[in-house]
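S.K.:
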Ligand SMILES: [Fe+2]
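Numbering (my numbering), first residue to last: 986 to 1296.
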């Protein structure tokens, strides 16, 4: 019962051209030949793709694709998820081929967020060449990064990811965004790791699911230099900053958040903590950020208060 890593992301969008611009010109991902079914594919490393962009009428993270070790592990996971009452749908061989995997199935978490699980991954020998000169991303055994989902029924979602799927608790905080007084019960969060050194490959936040079915996804650059250059590109290209540069307490990532064309955020960072999953003891941080990370809504509130004070 083990999840290896986050392998790929599937996005449905009515704006594939904007996603192309976002991924190639801001992120530095490498476009590769479209899938046989017409989806656009982008690499950030040796995996055949990490982003699969499908054209559709919605704007949403269709699925986060997580890898398991073997056909047996995939079958066992499929059974556990079905036994837990979640619908599962096997991918066809053609669909698996288009994903560069041996086999996969689709399902969703208790909040309806899309997931795919697969085994048998595909790498390419063709070198990764970023169209804007990004030297690479921190991936390897730790996967492409992480995905964060909302959980209206926090305990149900936590049980699903931890007890049914097989993620492990890394940090289990409760965050108070409104001062922590009697009127502020706080929001539960769960940062869960797979069987690799990334601090979390999935995280859950207590609250309603947004239309995009995702809070944010995260990619890791190899240095602060690359984060800074990406921040410049965000401004030059006119994409919205969702949170300013900052550093998280729990995974120590230094980075910022930018709004993707589909409405959820992309966190780009560096210097993320690498844990030993075999010996990790669960933490309960009380704050999100050591410094920085002013959220767009906080800035809007402050600007409004400043404008009112100036009247
Ligand atoms: Fe994150």
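Glycine included, C-beta positions come from ideal geometry on N, C-alpha and C.
Let me check one thing: in DSSP terms, what residues is residue 1255 bridge-paired to?
M.R.: Residue 1255 pairs with 1239.
S.K.: What are the start and end residues of the beta strand (DSSP E) that includes residue 1132?
M.R.: Counting along the chain, the beta strand (DSSP E) containing residue 1132 begins and ends at 1130-1136.
S.K.: Name, in chain order, the residues that DSSP records as bridge partners for residue 1204.
M.R.: BP columns for residue 1204 point to 1130 and 1253.
S.K.: Would you check whether ligand 1 has a heavy atom nearer than 8 Å to the C-beta of residue 1005?
M.R.: False, no ligand heavy atom lies under 8 Å from that Cβ.
S.K.: Name all residues in chain order for which at least one heavy atom of ligand 1 lies closer than 6 Å to the residue's CB.
M.R.: Per the Cβ criterion, the list is 1131, 1133, 1201, 1203 and 1252.
S.K.: If you scan the stretch 1111-1184 from start to end, which runs of the alpha helix (DSSP H) of 4 or more residues do you find wholly inside it?
M.R.: You should have 1139-1144.
S.K.: Quick check: what's the CA-CA separation for residue 1200 versus residue 1133?
M.R.: Roughly 5 Å separates the two Cα atoms.
S.K.: Leaving out the 5 sequence neighbours to the left and right, which residues in its chain are closer than 8 Å to residue 1274 when beta-carbon positions are compared?
M.R.: Answer for residue 1274: 1231, 1232, 1233 and 1234, listed in chain order.
S.K.: Among 1121, 1047, 998 and 1078, which residue has its Cα nearest to the Cα of residue 1246?
M.R.: Minimum Cα distance to residue 1246 is reached at 998.
S.K.: Tell me the rounded alpha-carbon separation between residue 1152 and residue 992.
M.R.: Between residue 1152 and residue 992, the C-alpha separation is close to 15 Å.
S.K.: If contacts are defined as beta-carbon pairs under 8 Å, then residue 1250 and residue 1239 qualify, I think. What distance do you get, rounded to the angstrom?
M.R.: That pair is no contact at about 16 Å.
S.K.: Between the alpha carbons of residue 1067 and residue 1149, how many angstroms are there, rounded?
M.R.: Cα-Cα distance, rounded: 10 Å.
S.K.: Measure the beta-carbon distance from residue 1109 to residue 1012 and round it to whole angstroms, keeping in mind my assumption that it falls under 8 Å.
M.R.: Not a contact, Cβ separation roughly 19 Å.
S.K.: Leaving out five residues before and five after residue 950 in sequence, what residues of the same chain have Cβ atoms less than 6 Å from its Cβ?
M.R.: Residue coverage of the chain in this structure runs from 986 to 1296, which leaves residue 950 outside it and unanswerable.
S.K.: Output yes or no for whether 9 Å exceeds the beta carbon distance between residue 1056 and residue 1107.
M.R.: Not closer than 9 Å, so no.
S.K.: Give the range of the alpha helix (DSSP H) segment to which residue 1066 is assigned.
M.R.: Unbroken alpha helix (DSSP H) run through residue 1066: 1056-1068.
S.K.: Helix, strand or coil: how does DSSP classify residue 1290 here?
M.R.: Helix, per DSSP.
S.K.: Provide the residue span of the beta strand (DSSP E) that contains residue 1106, from first to last.
M.R.: 1099-1106 is the extent of the beta strand (DSSP E) around residue 1106.
S.K.: Can you check whether the CB of residue 1072 is closer than 9 Å to the CB of residue 1042?
M.R.: No; because the gap between Cβ atoms is not below 9 Å, this pair is not in contact.
S.K.: Do residue 1136 and residue 1154 have their CB atoms nearer than 9 Å?
M.R.: Result no, Cβ atoms of residue 1136 and residue 1154 do not sit closer than 9 Å.
S.K.: For my contact list, residue 1089 and residue 1076 are in at a C-beta cut-off of 8 Å; report their separation, rounded to the angstrom.
M.R.: The Cβ separation is near 4 Å, so the contact holds.
S.K.: Pairing CB atoms from the stretch 1211-1230 with CB atoms from the stretch 1006-1024, are three or more of them under 8 Å?
M.R.: Yes, the stretch 1211-1230 is in contact with the stretch 1006-1024.
S.K.: Beta-carbon within less than 6 Å of residue 1000's beta-carbon, same chain only, minus the 5 sequence neighbours each way: which residues are those?
M.R.: Excluding sequence neighbours, residue 1000 sits near 1246.
S.K.: Helix or strand or just coil, what does DSSP make of residue 1216?
M.R.: In this structure, residue 1216 counts as helix in the three-state DSSP scheme.
S.K.: Nearest CA to the CA of residue 1212: which residue from 1290, 1053, 1143 and 1119?
M.R.: The shortest C-alpha separation from residue 1212 is found at 1119.
S.K.: Is it buried or exposed for residue 1052, if we count other Cβ within 10 angstroms and need 16 for buried?
M.R.: Burial call: buried.
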